[in-house]
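Trainee: My questions all concern the structure below.
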Amino acid sequence: MLDARQLEALNAVIEHGGFGPAAKALSLTLAAVSLRIKSLEDTLGQRLLVRGKQVRATPAGQALLGHVKQLRLMEADLLDGLQGGAQPRGGVRWQSLGVAINADSVASWFLPGVATLLQRHHLLLEILIDDQDHTHDALKSGDVMGCVTTLATAMRGCVAEPLGVMRYRCVASPAVAQRCRTPRGAVSVHKLLAQPAVIFNRKDALQDAFLEQHFGLRQPNYPRHFAPAVEAFETAIELGLGWGMVPEQHLAQRPGLQEILPDATVDVALYWQHWAHESLSAQRLTVAVKAAAREHLRPMAPAHPA
């Protein structure tokens, strides 16, 4: 059996960013926290933390941290059930759920789809924003209980459920779009590549996918702006700083943007990966996420049999 106090110490060190802050949060001495973690490492026969200027968990430590998060959620559900849903002394008992989501999904469909659930069941979200091709890293490390991802294959201990397709269109201000055309009005890829692209961050590969799918180009060189916030990213395009890939759901609020190559889209299939063994609160979130995706995302094409 794992010692609950040792697991609590491990979680506190990672959660608070070091042994000193963890000791303060747990009202223990620094030596006591160190001893608990060393005892846990001795019991398991492997290192759980990499000590240094910044303490981080080893793969084994990450697995244990995920276990701690699951235990917390299940204990909260158990207490709620034992008390018949009645509020505990001192007010409402809130539960926190960690999720990893791409920035385009957060405001456009995820939060509107789960807001009612969060309020009704007193759930708190800790949202980690990352590119949809990388959000599963946070689930793998145990930092979150679910993620919106492009990874269709379920990771170990997880379930991957299809959500739908987010469609992106290549847009620019009218002036930039005009500079990408020949005198006869056709799009010139050479003129397009002479204009800067506005990209969310260095993990964002949508513009490269657009160029490969519609022009047969693989990772060409072109000037780039990086704007890692949805509002700033789309505003930069609207101001004429360059061209970029914007979800079609956002274009209704951006009438100043114009498609460079009409109907040349990039479709991104999204999945909800989550723990296979979920607490009741996490199960409720999964149901809400899938319902929101059905309402806001394009349906996926049926898979063809091999």
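Each residue of the sequence shown is one higher than the last, beginning at 153 in our numbering. Ideal Cβ positions, reconstructed from N, Cα and C, are used throughout, including at glycine.
Measuring CA to CA, which of Ala255, Leu269, Phe262 and Trp261 is closest to Trp246?
Mentor: Leu269
Trainee: Can you list, in chain order, the residues of its chain whose CB lies under 8 Å from that of Gly210, leaving out five sequence neighbours each side?
Mentor: Reading off the sequence, residue 210 comes out as Thr, not Gly. Around Thr210: Gln198, Arg199, Leu200, Leu201 and Val202.
Trainee: Report the CB separation of Ala177 from Ala164 in whole angstroms; it is logged as a contact under 8 Å.
Mentor: 5 Å
Trainee: Assuming Met297 contacts His426 (C-beta within less than 8 Å), just tell me the rounded distance between them.
Mentor: With a Cβ gap of about 6 Å, Met297 and His426 count as contacting.
Trainee: Report yes if the CB atom of Leu276 is closer than 9 Å to the CB atom of Ser257, and no otherwise.
Mentor: no
Trainee: Once you ignore the five residues that flank Glu167 on each side, which residues in its own chain have a CB closer than 6 Å to its CB?
Mentor: none
Trainee: Identify whether Glu430 lies in helix, strand or coil by the three-state DSSP scheme.
Mentor: Coil, per DSSP.
Trainee: Return the chain-ordered list of same chain residues with a C-beta closer than 8 Å to the C-beta of Lys343, the five sequence neighbours on each side being excluded.
Mentor: Arg331, Cys332, Arg333 and Thr334
Trainee: The beta strand (DSSP E) that contains Ala252, what's its start and end?
Mentor: Gln247 to Ile253
Trainee: Give me the Cα-Cα distance between Ala324 and Ile412, rounded to the nearest whole angstrom.
Mentor: Each residue's alpha carbon lies about 7 Å from the other.
Trainee: Which of the three DSSP states is assigned to Thr210 in this structure?
Mentor: The answer is coil: DSSP assigns Thr210 none of H, G, I, E or B.
Trainee: Indicate whether the contact test is met: 3 or more Cβ pairs, each with one atom in the region 393-406 and one in the region 344-364, closer than 8 Å.
Mentor: Taking a contact to require three or more Cβ pairs closer than 8 Å, the region 393-406 and the region 344-364 qualify as touching.
Trainee: Is it the case that the region 276-296 contacts the region 443-455, given that we only count it when at least three CB pairs across the two stretches are under 8 Å?
Mentor: A contact between stretches requires three or more CB pairs, one per stretch, nearer than 8 Å, and the region 443-455 fails this requirement with the region 276-296.
Trainee: Look at the alpha carbon of Lys355 and the alpha carbon of Ile253, and state the distance between them as a whole number of angstroms.
Mentor: 14 Å
Trainee: Spell out a yes or no on whether the region 426-442 and the region 211-229 are touching, meaning 3 or more CB-CB pairs, one atom from each, closer than 8 Å.
Mentor: yes
Trainee: Alpha carbons only, please: which of Asp285, Ala255, Ala212 and Ala384 is nearest the one belonging to Thr305?
Mentor: Asp285
Trainee: Rounded to whole angstroms, what is the Cα-Cα separation between Tyr423 and Arg336?
Mentor: 42 Å
Trainee: Between the alpha carbons of Arg152 and Ser260, how many angstroms are there, rounded?
Mentor: Nothing can be reported for residue 152: it is not among the residues displayed for the chain, which extend from 153 to 458.
Trainee: Identify every residue that forms a DSSP beta bridge with Tyr320.
Mentor: Pro399 and Val418
Trainee: What are the start and end residues of each continuous alpha helix (DSSP H) run of 4 or more residues lying completely inside the region 318-402, in chain order?
Mentor: 326-331, 341-346, 358-367 and 382-390
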